[in-house]
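The C-terminal residue of the sequence shown carries number 301 in my numbering, and the numbering is unbroken.
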Amino acid sequence: MNTLTIFTPAYNRAHTIDRTYESLVNQTCKDFEWLVIDDGSTDHTRKLVEGWIMENKIPIRYVYQENQGMHGAHNAAYRNIHTELNTCIDSDDFMPIDAVEKIVTFWKKHGSEKYAGIIGLDQTEDGKIIGTEFPSDMKETTVQGFYAKGGKGDKKMVYRTEIINRYPEYPLFEGERYVSLSYKYILIDQEYKLLVLNEPLVTVDYQLDGSSYNMYRQYWRNPKGFSFFRKIGMQYSATARRRFMCAIHYVASSIIQKNTKFILDSPRKLMTLLAIPIGALWYLRIRHMVKSGSKMKIQG
Numbered sequence: 002m003n004t005l006t007i008f009t010p011a012y013n014r015a016h017t018i019d020r021t022y023e024s025l026v027n028q029t030c031k032d033f034e035w036l037v038i039d040d041g042s043t044d045h046t047r048k049l050v051e052g053w054i055m056e057n058k059i060p061i062r063y064v065y066q067e068n069q070g071m072h073g074a075h076n077a078a079y080r081n082i083h084t085e086l087n088t089c090i091d092s093d094d095f096m097p098i099d100a101v102e103k104i105v106t107f108w109k110k111h112g113s114e115k116y117a118g119i120i121g122l123d124q125t126e127d128g129k130i131i132g133t134e135f136p137s138d139m140k141e142t143t144v145q146g147f148y149a150k151g152g153k154g155d156k157k158m159v160y161r162t163e164i165i166n167r168y169p170e171y172p173l174f175e176g177e178r179y180v181s182l183s184y185k186y187i188l189i190d191q192e193y194k195l196l197v198l199n200e201p202l203v204t205v206d207y208q209l210d211g212s213s214y215n216m217y218r219q220y221w222r223n224p225k226g227f228s229f230f231r232k233i234g235m236q237y238s239a240t241a242r243r244r245f246m247c248a249i250h251y252v253a254s255s256i257i258q259k260n261t262k263f264i265l266d267s268p269r270k271l272m273t274l275l276a277i278p279i280g281a282l283w284y285l286r287i288r289h290m291v292k293s294g295s296k297m298k299i300q301g
């Protein structure tokens with residue numbers, strides 16, 4: 002059995018996923034399989050992937066489901082992964098040619114049941130690291146712990162499959178398509194650390210129609226999903242400042258979904274009460290930005 006599963010949620014990404022595929026075909030280490038979760042695509046994603054399966058250059062499994070959003074695709078992926086490690090490479094991103102080799106070699110040398118997996122770096126197409134690199138003396142960390150110490154930017158997690166499946170699936174809310182993937186990461190942070198691999202493991206290409214560029218609309222369209230995640234944040238975030246920020250967002254999402262019982266539903270009622278004025282202002286900003294069609298700036 003291979004060591005690593007690379008899974009790719011795909012929703013109408015036939016115009017970009019070929020680059021993901023080519024990067025996997027060209028990996029210097031072949032100790033992986035590729036799992037494509039087609040989340041209800043209506044383009045020719047299926048035809049493309051079936052053609053690649055016939056080419057037989059790398060082991061590929063294809064799973065189709067009705068559209069559930071990125072978190073629903075992650076649920077489906079985790080149900081279908083059998084390797085020791087797994088990582089997500091989005092359908093508009095690709096892997097540096099030696100990324101699998103770095104992951105597998107590093108894990109075989111340093112990995113153990115003590116750790117949930119590995120955390121590495123994201124980079125842009127011109128080789129610029131997204132956000133900040135890890136401090137040279139940081140050998141292990143939690144996801145939240147890194148950001149609490151001033152870390153910035155998206156990072157690539159490689160989790161042990163046994164660990165990621167030990168925690169609840171992402172919840173699905175009728176009519177909504179978004180719950181933050183950080184939900185599971187935060188829960189894992191409470192019990193496990195990640196080994197730090199200060200190397201780029203993915204090259205990202207943020208799409209104009211992707212969730213990162215359209216976060217204001219995500220807030221507006223998925224208030225139940227955001228409220229759920231903000232309650233988790235209020236419980237488990239590493240700093241008081243972050244917990245209060247979650248309370249502010251929770252208030253705004255509660256207003257969007259017209260939840261009049263949001264204080265009773267909150268795990269931190271006093272904090273939520275104090276956050277109401279700023280949360281109401283944040284709601285007004287979200288509403289304005291959605292109506293004006295503004296996009297949220299990506300932080301590099």
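Quick reminder that beta carbons are idealized off the backbone N, C-alpha and C, glycines included.
Residue i to residue j span [Cα, whole Å]
i, j, result
"Gly-139", "Ile-120", "The question names Gly, but residue 139 is Met in the sequence shown. Their Cα atoms are separated by approximately 11 Å."
"Pro-60", "Trp-35", "6 Å"
"Tyr-186", "Val-144", "7 Å"
"Ser-183", "Cys-89", "13 Å"
"Gln-219", "Tyr-179", "7 Å"
"Tyr-148", "Met-55", "43 Å"
"His-75", "Ala-100", "21 Å"
"Gly-211", "Asn-68", "A caution first: Gly-211 carries a pLDDT of 48, below 50, which makes its placement in the model unreliable, though a value can still be read off. Going from the Cα of Gly-211 to the Cα of Asn-68 covers about 15 Å."
"Gly-73", "Leu-173", "7 Å"
"Ser-137", "Trp-221", "40 Å"
"Lys-150", "Ile-189", "18 Å"
The ligand GTP heavy atom lying under 7 Å from the CB of residue i
i, result
"Arg-62", "For the ligand GTP, the structure offers nothing, since it holds no ligand at all."
Residue environment, residue i, which counts as buried when at least 16 other CB atoms sit within 10 Å
i, result
"Asn-57", "exposed"
"Ala-241", "exposed"
"Gly-306", "Missing from the structure shown is residue 306; the chain here goes from 2 to 301 and no further."
"Met-2", "exposed"
Residues near residue i by beta carbon distance below 8 Å, same chain, minus five either side
i, result
"Gly-132", "Asp-123, Gly-152, Lys-153, Gly-154, Asp-155, Lys-156, Gln-300 and Gly-301"
"Tyr-79", "Asn-87, Thr-162, Ile-165, Asn-166 and Glu-170"
Sequence-distant residues of the same chain with beta carbon closer than 6 Å to residue i, five excluded per side
i, result
"Glu-102", "Thr-29 and Cys-30"
Terminal residues of the beta strand (DSSP E) in which residue i lies
i, result
"Ala-77", "Careful: Ala-77 lies outside any beta strand (DSSP E), inside the alpha helix (DSSP H) at 71–80."
"Pro-10", "5–11"
"Gly-179", "The displayed chain sequence assigns Tyr, not Gly, to residue 179. Per DSSP, Tyr-179 belongs to no beta strand (DSSP E) and is neither H nor E."
"Ile-119", "116–124"
"Thr-88", "86–89"
"Tyr-193", "Neither: Tyr-193 is in no beta strand (DSSP E) and is coded neither H nor E."
Cβ separation of residue i and residue j, assumed to be a contact under 8 Å, to the nearest whole Å
i, j, result
"Ser-24", "Phe-95", "4 Å"
"Ala-117", "Tyr-193", "4 Å"
"Ser-238", "Cys-247", "6 Å"
"Ile-18", "Thr-46", "7 Å"
Limits of the alpha helix (DSSP H) - the one that residue i falls within
i, result
"Ala-15", "Premise fails: Ala-15 is in no alpha helix (DSSP H) and is neither H nor E."
"Val-105", "100–111"
Own chain, CB closer than 7 Å to residue i, minus 5 neighbours either side, in chain order
i, result
"Thr-142", "Ile-120, Lys-194, Leu-195 and Val-197"
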